[in-house]
Ligand SMILES: Cc1cc2nc3c(=O)[nH]c(=O)nc-3n(C[C@H](O)[C@H](O)[C@H](O)COP(=O)(O)OP(=O)(O)OC[C@H]3O[C@@H](n4cnc5c(N)ncnc54)[C@H](O)[C@@H]3O)c2cc1C
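In the working numbering, the protein residues as written are 77 to 382.
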């Protein structure tokens with residue numbers, strides 16, 4: 077730890093003792109089921125709890141790393157130093173005011189899409205099959221060709237390092253293909269604007285999305301979705317498949333036979349296995365097609381060997 081002799085978060089913050097876990101294996105908190113321990117792992121349920129954690133980590137110079145479902149993250153084998161925070165409780169709440177929706181950063185996207193459908197609000201259907209949280213989705217502007225979260229955003233509430241909440245208007249946030257300029261901010265909630273629609277039509281659109289995913293994606297395995305962004309005018313999956321890489325394996329990590337842009341943890345894969353496999357894929361695709369694939373997934377913690 078980089079802290080100046082930090083006493084344990086648990087001891088110092090007696091009121092949060094129940095929430096804090098030390099040396100928590102992060103493999104438990106990623107859909108890849110890969111990742112070493114966090115020094116501290118906390119699930120605050122209220123803003124006052126979160127503020128205490130932020131103040132504590134600031135006081136000890138410890139980095140704070142927010143995590144959602146870990147569905148877009150490759151977490152290093154040595155884990156993450158500092159305090160990993162997963163927003164729960166009030167941060168998972170979703171509420172409606174006409175066509176406006178307030179969604180906590182910890183709320184799962186499938187719950188958000190379903191709640192919108194039940195309220196006869198259209199626009200969030202593309203998020204229904206994405207197994208992340210609102211907070212994680214805002215970082216990468218998660219979505220599908222049918223739409224992304226950024227296009228629904230009205231404003232985003234963040235917690236500044238000073239411990240003060242602040243509101244960013246849509247005009248102050250840049251969203252583009254699988255990218256936003258929010259990384260580095262701690263997101264508390266998003267206010268989205270949807271449009272009225274027919275409940276049955278919205279439900280049917282969601283069901284179509286889910287059926288399509290079940291047919292094309294290896295949903296029963298540990299994975300983090302698409303590994304690479306689609307290069308302009310092409311598809312990463314097509315390139316990886318055309319390079320003959322489906323099924324390619326490094327240690328416990330393998331290119332999915334079902335979807336070439338997915339890597340699955342086929343059993344006991346390490347982060348290092350996945351890094352090496354990603355490098356092999358990028359090298360091969362570049363040699364064969366002259367396209368350098370850019371990763372869509374994000375990385376947390378150090379790499380173990382190189
Ligand atoms: C089967 C499968 C299918 C997928 N399909 C899609 C798809 O169609 N489209 C798509 O875009 N993605 C897809 N994904 C990827 C992933 O689900 C999305 O990127 C999702 O939005 C990530 O959310 P998360 O909460 O899991 O974020 P995490 O993976 O936990 O975190 C991602 C980043 O966001 C940061 N973060 C998380 N919460 C906060 C917060 N509150 N404040 C600040 N930073 C925060 C983290 O620090 C990290 O840097 C898929 C993944 C899987 C496993």
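The C-beta atom is built at its ideal place from N, Cα and C for all residues, glycine as well.
With distances taken between CA atoms, residue 198 lies nearest to 228 out of 111, 228 and 329.
Note that the C-beta distance between residue 95 and residue 121 is below 9 Å. Contact check for residue 262 against residue 102 fails: the beta carbons are separated by 9 Å or more. Nearest neighbour of residue 366 by Cα position, chosen from 374, 253 and 310, turns out to be 310. Taking the Cβ of residue 149 as the reference point, at least one heavy atom of ligand 1 falls within a distance shorter than 8 Å. The beta-carbon separation of residue 293 and residue 338, rounded to 7 Å, stays under the 8 Å limit for a contact. As the crow flies, the alpha-carbon of residue 164 is around 6 Å from that of residue 119.
Nearest neighbour of residue 134 by Cα position, chosen from 158, 113 and 115, turns out to be 158. Segment contact: the segment 343-350 against the segment 284-291, fewer than three CB-CB distances shorter than 8 Å; contact not assigned. Within the segment 258-321, the complete alpha helix (DSSP H) runs of at least 4 residues fall at 275-292 and 312-318.
Pairing residue 137 with residue 111 gives a Cβ-Cβ distance that is not under 9 Å. For the set 252, 303 and 241, the Cα lying nearest the Cα of residue 221 is the one of 252.
Residue 304 and residue 91 have their C-alpha atoms roughly 42 Å apart. When rounded, the separation of the alpha-carbon atoms in residue 143 and residue 183 is 12 Å.
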